[in-house]
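Trainee: These protein sequences, in sequence, are chains A and B.
Counting from 11, one number per residue, gives the positions in the first sequence under the working numbering.
Counting from 11, one number per residue, gives the positions in the second sequence under the working numbering.
Number of protein chains: 2
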Amino acid sequence: MSKERPLILISNDDGITAPGIKALVEAMKPLGDLVVIAPDSPQSGMGHAITITRPLRLHKSNVFGDDVLAYQCSGTPADCVKLALDKVVDRKPDLLVSGINHGSNASINVLYSGTMSAAVEGAIDGLNAIGFSLCDYSFEANFEPCKSFVRKIAKNVLEQGLPNDTLLNVNIPNVSETDLKGVKVCRQAKAKWVEEFDERRDPNGRKYFWLTGQFSLLDHDEQTDEWALKNDYISIVPVQFDLTAYKAIDKLKNWAWT
Amino acid sequence: MSKERPLILISNDDGITAPGIKALVEAMKPLGDLVVIAPDSPQSGMGHAITITRPLRLHKSNVFGDDVLAYQCSGTPADCVKLALDKVVDRKPDLLVSGINHGSNASINVLYSGTMSAAVEGAIDGLNAIGFSLCDYSFEANFEPCKSFVRKIAKNVLEQGLPNDTLLNVNIPNVSETDLKGVKVCRQAKAKWVEEFDERRDPNGRKYFWLTGQFSLLDHDEQTDEWALKNDYISIVPVQFDLTAYKAIDKLKNWAWT
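1. Using a Cβ-Cβ cut-off of 9 Å, state whether Phe207/B counts as contacting chain A.
2. Which bits of chain B does Val120/A rub up against, with CB to CB less than 7 Å?
3. Taking the alpha carbon of Glu205/B as the reference point, which residue from Pro29/A, Gly57/A, Ser21/A, Thr61/A has its own alpha carbon closest?
4. What are the start and end residues of each continuous alpha helix (DSSP H) run of 4 or more residues lying completely inside the region 77-131 of chain B, in chain order?
5. Pro49/A CB to nearest chain B CB: under 9 Å?
6. Just to confirm the assignment, what range does the alpha helix (DSSP H) spanning Trp237/B have?
7. Considering only DSSP beta bridges, list what Ala139/A is partnered with.
8. So is Val78/A in contact with chain B if we call contact Cβ pairs under 9 Å?
9. Indicate whether Leu254/A and Gln198/B have their beta-carbon atoms separated by less than 9 Å.
10. Straight-line CA distance for Ser148/A to His112/A?
11. Do the region 240-247 of chain A and the region 187-194 of chain B touch if we need at least three Cβ pairs shorter than 8 Å?
12. Kindly say whether Gly30/A, judged by its beta-carbon, lies nearer than 9 Å to any beta-carbon of chain B.
13. Could you have a look at Gly75/A and say whether DSSP puts it in helix, strand or coil?
14. Beta-carbon separation of Leu168/B and Asn119/B under 9 Å?
15. Considering Ser54/B, what are the terminal residues of the alpha helix (DSSP H) in which it resides?
16. Using a C-beta cutoff of 9 Å, does Leu19/A count as contacting chain B?
17. Here's the rule I'm using: 16 or more other beta-carbon atoms within 10 Å means buried, otherwise exposed. How should Gly85/B be labelled?
18. Quick check on Ala129/B - is its C-beta less than 9 Å from some C-beta in chain A?
19. Classify Glu150/B as helix, strand or coil using the three-state DSSP reduction.
20. Look at the alpha carbon of Gly1/B and the alpha carbon of Asn72/A, and state the distance between them as a whole number of angstroms.
21. Taking C-beta to C-beta, are Val98/A and Tyr122/A nearer than 9 Å?
22. Alpha carbon to alpha carbon, how far is Leu19/B from Gly171/B?
23. Have a look at Ile259/A and Ala164/B and give me their C-alpha separation to the nearest angstrom.
24. Name the DSSP bridge partner or partners of Gly42/A?
25. Reducing DSSP to helix, strand and coil, say where Glu14/B ends up.
26. What residue from Asp43/A, Pro29/A, Lys261/A has the CA that sits closest to Thr176/B's CA?
27. What is the DSSP secondary structure of Asp260/A, counted as helix, strand or coil?
28. Please determine, among Glu209/B, Val195/B, Pro213/B, the residue with the shortest C-alpha to C-alpha distance to Tyr256/A.
29. Return the Cβ separation of Gly57/A and Gly124/A in integer angstroms, given the expectation that the two are a contact with Cβ distance under 8 Å.
30. Starting from Arg211/B, trace the beta strand (DSSP E) in both directions and tell me its first and last residue.
31. What span of residues does the beta strand (DSSP E) with Phe225/A cover, start to end?
32. Does the ligand PLP have a heavy atom nearer than 8 Å to the CB of Leu172/B?
33. Would Ser127/A pass as a contact of Pro87/A if the rule is Cβ separation under 9 Å?
34. For Gly55/A, which residues from the same chain have a beta carbon less than 6 Å from its beta carbon, with the 5 sequence-adjacent residues on both sides left out?
35. For Gly109/A, which option in Val249/A, Ser21/A, Val45/A, Leu93/A has the closest C-alpha, if you only look at C-alpha atoms?
36. Do you know how far the Cα of Val45/B is from the Cα of Pro103/B?
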């Protein structure tokens with residue numbers, strides 16, 4: 011019975027026409043009934059933004075053919091998931107997958123990533139959720155080699171269920187299937203972007219700035235996602251949305267606050 | 011010597027003209043040399059969004075008078091901090107303060123908050139950073155009673171320095187100074203927003219949706235920020251930007267991934 015197949019909600023941040031989400035849809039097809047709800051324009055770097063000062067539009071899309079129920083939304087990735095859960099699906103999805111992102115969301119990039127925020131939004135609502143990223147920023151990236159791994163990881167999560175309040179940040183190195191060494195469960199590497207804004211003048215002589223920067227890896231430990239990716243492993247980082255720095259609580263309780 | 015006074019970077023997400031940032035500037039004046047860089051328009055709910063598809067503008071502002079160096083920026087709160095650190099300040103700030111936000115950033119709201127993302131961005135760059143919020147969403151909120159507490163908390167952090175990779179999420183209940191019970195160092199309460207999108211028709215008959223929702227508190231423990239606020243305490247949650255769910259790593263390592 012079709013009703014008993016798992017319901018899989020799919021989103022991304024590169025927009026509904028990005029090749030990465032097409033690959034994700036194809037990878038998920040054998041696993042369940044699909045509902046896609048993705049931004050109608052690229053939303054990279056939107057982090058966990060939500061839209062509160064303007065209304066949202068939602069339109070059906072046949073970009074994945076007639077057999078996949080799909081919608082495009084004018085909002086952010088987090089908006090897409092919120093709207094899907096309130097207005098689109100008629101039962102709780104068994105899995106939310108986001109991506110496949112064009113480019114790495116490993117280490118500190120998890121904070122800026124709209125792909126991951128869609129997954130976080132699902133996890134807050136109690137869904138099994140995974141964000142997938144391929145470490146190739148180009149629009150022409152080849153997603154074929156990673157489709158079987160993406161399907162396998164999703165199947166694993168569907169069958170076993172993730173620990174409470176935990177989602178997965180999965181990054182896939184840009185190597186051939188034969189060069190891929192396997193999967194490593196790891197932690198987020200410490201890293202930051204060192205900004206170098208590019209200062210320019212517009213045709214009217216007014217200054218403007220483009221955000222550019224250098225990625226600075228501060229942590230070369232073998233337990234990190236960056237190490238795994240550099241050594242041709244798929245990195246899987248379990249992610250939480252409780253941001254409390256528990257280790258600091260006792261120390262700060264001893265301060266004289268008043 | 012003026013050069014030896016602490017350098018305090020100030021931002022927010024409600025925009026440079028919001029009453030909350032004016033109160034924060036006034037609270038910080040006795041503590042050091044100030045540089046303000048804040049969005050030129052409201053950016054509530056922007057989470058950790060950054061601007062990568064369009065350039066940014068930066069203009070000097072005298073909204074705080076001639077004795078406070080201030081800039082307005084066309085980007086998000088995270089953009090403001092990135093731009094300030096690359097292009098505006100000539101030394102590393104001793105403290106970054108963000109806010110005072112109009113409305114709570116306790117519990118799950120920390121994820122959606124542009125105020126907190128400005129502070130997180132500073133902390134990633136190694137700064138002492140604090141996000142302040144007053145639990146009153148109105149533009150006409152009265153920030154007077156909380157100014158002395160905000161100053162005291164900032165002074166404490168300037169003098170003692172925060173633990174590595176840790177910032178503070180400070181929320182202030184909307185009560186009078188006499189009703190305030192004190193300060194509690196606590197953890198982020200488990201909570202979520204249950205969305206109820208408001209479905210409407212535009213003048214052309216096309217459907218659109220407004221994001222609305224109900225806050226759902228899932229955690230009434232006395233160690234949480236929500237408990238502290240409900241009981242008239244200022245809540246201070248130490249926040250980290252390593253999102254790894256460490257507790258889940260060993261369990262997930264035992265899964266058959268390949």
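Ideal Cβ placement from N, Cα and C applies to all residues, glycine included.
Computed from a predicted structure; not experimentally measured.
Mentor: Considering the structure as presented:
1. yes
2. Leu253
3. Thr61/A
4. 87-93, 119-122
5. no
6. Segment 235-240, the alpha helix (DSSP H) holding Trp237/B.
7. Leu106/A
8. no
9. This sequence places Thr at residue 254/A; Leu is not what is there. Contact: yes.
10. Rounded to whole angstroms, Ser148/A to His112/A spans 7 Å at the Cα level.
11. no
12. no
13. coil
14. no
15. Segment: none, Ser54/B is in no alpha helix (DSSP H) and carries neither H nor E.
16. Taking Cβ atoms only, chain B never reaches closer than 9 Å to Leu19/A, which makes this a no.
17. buried
18. no
19. coil
20. Only positions 11 to 268 of chain B appear in this structure, which leaves residue 1/B out of reach.
21. Contact: no.
22. 15 Å
23. Rounded to whole angstroms, Ile259/A to Ala164/B spans 17 Å at the Cα level.
24. According to DSSP, Gly42/A bridges with nothing at all.
25. Correct three-state label for Glu14/B: helix.
26. Closest by C-alpha distance to Thr176/B, out of Asp43/A, Pro29/A, Lys261/A, is Lys261/A.
27. It is helical.
28. Val195/B
29. So it is a contact: roughly 7 Å between Cβ atoms.
30. 208-211
31. 223-227
32. In terms of ligand content, the structure shown is empty, and the ligand PLP therefore cannot be addressed.
33. yes
34. Once the five neighbours on either side are set aside, the close Cβ partners of Gly55/A are Tyr122.
35. Looking at Val249/A, Ser21/A, Val45/A, Leu93/A, the one whose alpha-carbon comes closest to that of Gly109/A is Ser21/A.
36. Straight across, the Cα-Cα distance linking Pro103/B with Val45/B is about 9 Å.
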